[in-house]
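Reading the sequence shown from the start, the letters are residues 983 to 1196 in our numbering.
Beta carbons: idealized from backbone N, C-alpha and C, even for Gly.
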Amino acid sequence: MKGNSERVPRKNMRPLAGKPCFHWIMETLSASPYISEIIINTDSEEIAKEATDNFDVTILKRPEFLFGEMVTIQPLIEYDMSQTDGDFFLQTHSTNPLITTGTINKAIELFFSQTKHDALFSVTEIKQRYYWPDGSGVNHDPRKLIRTQDLQPIYHENSCIYIFSREANERTKSRMGSDPIMFPIDKLEAADIDDMEDFYWAEFLLNEKMAGRL
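Shown next as structure tokens:
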């Protein structure tokens, strides 16, 4: 977790529906019986203190060579794995405040119920008409209109859940492993905060959920 972000200032600590944004995912993870340790990698002393004051969590202070907007996720994963002895990892983001413990538990159960796939990632099913830059249809024939509900679905990687083994990540240098399972989740639950519009939408959804209307 970064102390600041470009599109939503102080996103992780910013109050969201009554509590700091990152508290939502922390409460969700803390309620899962399958998760033995929660690790936060952060460059912020404020986030580290807020996290340890409120949750049972391991803090990894982000080293300077992993600072900056251009750092990709794999070096962060490799650093975090080097600081713990776990064999299996679930990665999620503080920007996914609506993901539920039940959904995370189902993803973990699915992953460990099989041996064929070495990773799992969450997706959102989309049935809309998409086009390539040349105007040709991605998942439909523009000359043969059919109902959108009958379209071939496309799956969006929503960044809510990634599960992988240490062995698979070290072998492939990717949280996707070599043969991942796609795990569909509800579109509203997959709401991700990337900009202020996303933030206001997530806050609306959380307030609706707390009021029992969602």
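With 16 or more other Cβ atoms inside 10 Å of its own Cβ, Asp-1100 counts as buried. Secondary structure of Thr-1154 (DSSP, three-state): helix. Scanning its chain for C-beta atoms nearer than 6 Å, with the 5 sequence neighbours on each side dropped, one finds around Phe-1070 the residues Ser-1147, in chain order. Secondary structure in the stretch 1014 to 1048: the beta strand (DSSP E) runs of 3 residues or longer, each lying completely within the stretch, are 1021 to 1024 and 1040 to 1043 in chain order. A distance below 6 Å between beta-carbons, with the five flanking residues on each side excluded, links Ala-1172 to the following residues of its chain, in chain order: Thr-1106, Asn-1140 and Cys-1142.
Counted as a single uninterrupted DSSP element, the beta strand (DSSP E) harbouring Met-1164 occupies residues 1162 to 1166.
Across the structure, Pro-1079 and Ile-1175 are spaced so that their CA atoms are roughly 8 Å apart. When beta bridges are read from the DSSP output, Gln-1073 appears opposite Tyr-1144. The three-state secondary structure of Gly-1119, taken from DSSP, is strand.
Nearest C-alpha to Leu-1048 among Thr-1040, Ser-1012 and Asp-1062: Asp-1062. Looking only at Phe-1165, Ser-1160, Glu-1190 and Ser-1156, the smallest Cα-Cα distance to Glu-1060 is reached by Ser-1156.
In the DSSP annotation of this structure, Glu-1051 is not part of any beta strand (DSSP E), being labelled neither H nor E.
Only residues of its own chain outside the window of five on either side were considered, and among them His-1122 have a CB closer than 6 Å to the CB of Arg-1111, listed in chain order. Assigned with DSSP and collapsed to three states, Ser-987 falls in coil, not helix or strand. Lys-1001 sits in a strand when the DSSP states are folded into three classes.
The distance from the Cβ of Leu-998 to that of Leu-1188 is about 7 Å, consistent with a contact at the 8 Å cut-off.
By the criterion of a C-beta distance shorter than 8 Å, Thr-1066 is surrounded in its chain by Glu-1019, Ile-1021 and Thr-1040, once the five residues flanking it on both sides are discounted. Each residue's CA atom was taken as its position, placing Thr-1034 and Ser-1118 some 52 Å apart.
In the three-state reduction of the DSSP assignment, Tyr-1182 falls in the helix class, which pools H, G and I.
Annotation: Thr-1097 is outside any beta strand (DSSP E) and is labelled neither H nor E by DSSP. Note: Thr-1106 is bridge-paired with His-1138 in the DSSP secondary-structure output.
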